[in-house]
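Worksheet for the structure shown next.
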Amino acid sequence: MHWIDYVNPHSVREATELLAEHGESARILAGGTDLLVLLRGGTMDNVNLVVDGKSIPELNEVTYDPQAGLTLGAAVPCYKIYNNQAVAHAYPGLIDTASLIGGTQIQGRATLGGNLCNAAPSGDSIPAMIALSGVANIAGPSGNRSVPVEDFCTAPRQTVLKRGEMLVSLHFPPPVPNSGARYLRFIPRNEMDIAVAGAGVSVVLDNGTIKSARVSLASVAPTPLFVKEAGEALVGMPATEESVRIASGLARDAARPITDMRGTIEYRKHLCEVLTRRALLTAIERAKEA
Amino acid sequence: MPGKTYVQATINGEHTDFLCEPRQSLLEVLRDVIGLTGTKEGCNDGNCGACTIILDGRIVTPCLVLAVEAEGKEMTTIEGIANGSTLHPIQQSFLENAALQCGICTPGFIVATKALLDENPNPTEYEIRFWLANNLCRCTGYDKIIRAVQDAATTMQEAKA
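Protein chains in written order, with my numbering: chain D, 66 to 355; chain E, 5 to 165.
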């Protein structure tokens, strides 16, 4: 690896000042499971300053309140999410994704904040966070702002973050009664692979009728894809497989994948239909149990 | 170009300090600076698990940790598993079950198994396979490793009873 400097700031302000000063040549380090690979791989030769975010209190926050929802610091590793009983109980859709990114070792370091900032089209946690109406809390030299997760990634490995800005935390609204969520992905093996396609969904039920729903897809567009129309089509419909098939068809139609070594356009569009349907059916089951 | 960074950590129960460049991985420093070569380098990008260590209670791949991040941390490497010249029951079980051939992956498997059994003393086969999914072995076909973990769990449970 080329020479880098390392700094370990203890406040958001210190970190954003460093990021503002160094611009493109600085990167925030959380779990490092993407960043260190990229730094070593020669694709980030312009980066010469690593700013460790793990000593900043706000980036380590895990606060759940049934009224206020969940605030998840950008540097909280996956295992701290699924080992937190209250969070696991309230947000099973988030646990689906936190427990399938990489293997045990990767989950000991990898973070959902990092997964979002890495902005890979295949980022497993991003559709799950979109389905749960997640919001990214950003700090920067000119103050704080919040961006819905579905608007955060702008192109492969590109985000809305401007010079000097950093992701501080993710916020999820409290789960409403009779709601459920699910993330499902397809990979050719049981674990440790990149999604050929993925679907993150959430539903809210009202006496057997779908009150609202959200659908989002991974690996089938330049960014994780929020398929607003698929969720909206379910509003007011009975919570049945027939209704779900309408939404999963819309998800298939919205996908605009490429053909690459992991799958063809046709295969991926088919997977979007299947994964969305199965994820919605599980989300409905979870909503009935909630 | 700035110089090296001074880092203090606890490795296998002993206070340790070292000098490293900020770009050096913890794996590189464990092996080449501290001389703990029991931790193996495989892929160097987090896929194979050969370098698995326990860092503040969780298994990680130190190829994806900067050595400077180890400041103030506690870690256990394969060298910290046996008790002097007495093998840990997990190590004994890997031997008895012939759960290795070339041996490169073995330190990583043993450290990962130690962390698993510390957290879940009686795991199912399914739990063992998923916990160890980040550890690759190209020799054994895994079944002997799974049996070794199951046997070690039984031995350790019996020793406690």
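C-beta atoms are modelled at their ideal positions from N, C-alpha and C, and glycine is treated no differently.
The beta carbon of Asn-101 (chain E) is closer than 7 Å to those of Lys-148, Arg-151, Ala-152, Asp-155 in its chain, skipping five residues each way along the sequence. If the five residues before and after Leu-83 (chain D) are omitted, its C-beta is found closer than 8 Å to the C-beta atoms of Val-72, Pro-74, Ala-91, Leu-114, Val-116, all from its own chain and listed in chain order. Cβ proximity to chain D below 9 Å picks out nothing from the segment 85-110 of chain E. Within the segment 49-74 of chain E, the residues whose Cβ lies closer than 7 Å to some Cβ of chain D are Asp-49, Gly-50, Gly-53, Thr-56, Arg-62, Ile-63, Val-64, Thr-65, Leu-68, Val-69, Leu-70, Val-72, Glu-73, listed in chain order. Annotated as distal: Leu-136 (chain E) and Ala-163 (chain E), with beta-carbon spacing of 8 Å or more.
The DSSP-derived three-state label of Ala-316 (chain D) is helix. DSSP, reduced to helix, strand and coil, places Thr-9 (chain E) within a strand of the structure shown. Proximity of Arg-27 (chain E) to chain D, defined by a Cβ-Cβ separation below 8 Å, is satisfied. The beta-carbon of Asn-138 (chain E) is placed less than 8 Å from the nearest beta-carbon of chain D. The beta carbon of Pro-240 (chain D) sits closer than 6 Å to those of Ala-155, all from its chain and outside the five residues before and after it, given in chain order. Close to Gly-167 (chain D), with beta-carbon spacing below 8 Å, are these residues of chain E in chain order: Gly-50, Asn-138. Bridge partners of Asp-117 (chain D) according to DSSP: D:Leu-94. Among the CB atoms of chain E, none fall inside 8 Å of the CB of Met-302 (chain D). Taking 8 Å as the threshold, the shortest C-beta distance from Ala-116 (chain E) to chain D falls below it. For Ala-286 (chain D), the CB contacts under 8 Å within the same chain, skipping 5 residues up- and downstream, are Pro-186, Ala-320, Arg-321, Pro-322 in chain order. For a cut-off of 8 Å, the C-beta gap from Arg-27 (chain E) to Ile-191 (chain D) is around 29 Å, too long to register as a contact. Selection E:Leu-70, E:Leu-91, E:Pro-66, E:Phe-22 evaluated against Cys-47 (chain E) yields E:Pro-66 as nearest (Cα-Cα).
For the segment 133-162 of chain E, residues whose beta-carbon sits nearer than 7 Å to a beta-carbon of chain D comprise Phe-134, Trp-135, Ala-137, Asn-138.
By the neighbour-count criterion, in which a residue is buried when 16 or more other Cβ atoms sit within 10 angstroms of its Cβ, Ile-311 (chain D) is exposed.
DSSP, reduced to helix, strand and coil, places Lys-145 (chain D) within a helical segment of the structure shown. Put simply, of D:Ala-264, D:Arg-174, D:Val-152, D:Ala-163 the residue whose alpha carbon is nearest the alpha carbon of Leu-315 (chain D) is D:Ala-264.
With contacts defined by Cβ atoms closer than 8 Å, Ala-262 (chain D) and Arg-333 (chain D) form a contacting pair. Counting other Cβ atoms within 10 Å of its Cβ, Gln-172 (chain D) reaches 16 or more and is therefore classed as buried.
Leu-99 (chain E) and Gln-105 (chain E) have their C-alpha atoms some 10 Å from each other. Listed by position along chain E, the residues whose Cβ is nearer than 8 Å to that of Gly-173 (chain D) are Leu-59, Arg-62, Ile-63, Val-64. Of the residues E:Thr-159, E:Ile-82, E:Ile-58, the one whose Cα lies closest to the Cα of Pro-111 (chain E) is E:Ile-82.
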